[in-house]
Amino acid sequence: MWPFTRQTQVSPEAETAKRAAEKSLQEALAHHPDVEAKLTESRRVKEQLKAHNRANRYSDWIESFVLGRLSDG
Numbered sequence: 915m916w917p918f919t920r921q922t923q924v925s926p927e928a929e930t931a932k933r934a935a936e937k938s939l940q941e942a943l944a945h946h947p948d949v950e951a952k953l954t955e956s957r958r959v960k961e962q963l964k965a966h967n968r969a970n971r972y973s974d975w976i977e978s979f980v981l982g983r984l985s986d987g
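Using my numbering, read the sequence shown as starting at 915 and increasing by one per residue.
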């Protein structure tokens with residue numbers, strides 16, 4: 915059998931990659947409240963747009979109904 919030895923030293927590239935990953939994670943966690951606030955705001959605006967569009971569709975329906983009645987009469 916060949917005598918394989920376990921490598922006990924970590925390569926510099928692996929250390930650099932590990933530090934970069936840890937830094938990225940810390941930055942992501944630090945910005946988490948900002949991202950969450952933006953997501954909440956985006957959802958709120960989306961709901962407002964849906965309500966606005968619904969109101970516009972209803973308004974358009976009423977307008978077409980009234981104009982249809984006026985043109986018949």
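Beta carbons are placed, not taken as given, at the ideal position from N, Cα and C, and that holds for glycine.
> Rounded to a whole number of angstroms, what is the C-alpha to C-alpha distance between E929 and L939?
Replying inline: 15 angstroms
> For H966, which three-state DSSP category applies?
Replying inline: helix
> From E977 to N967, what does the alpha carbon distance come to, in whole angstroms?
Replying inline: 15 angstroms
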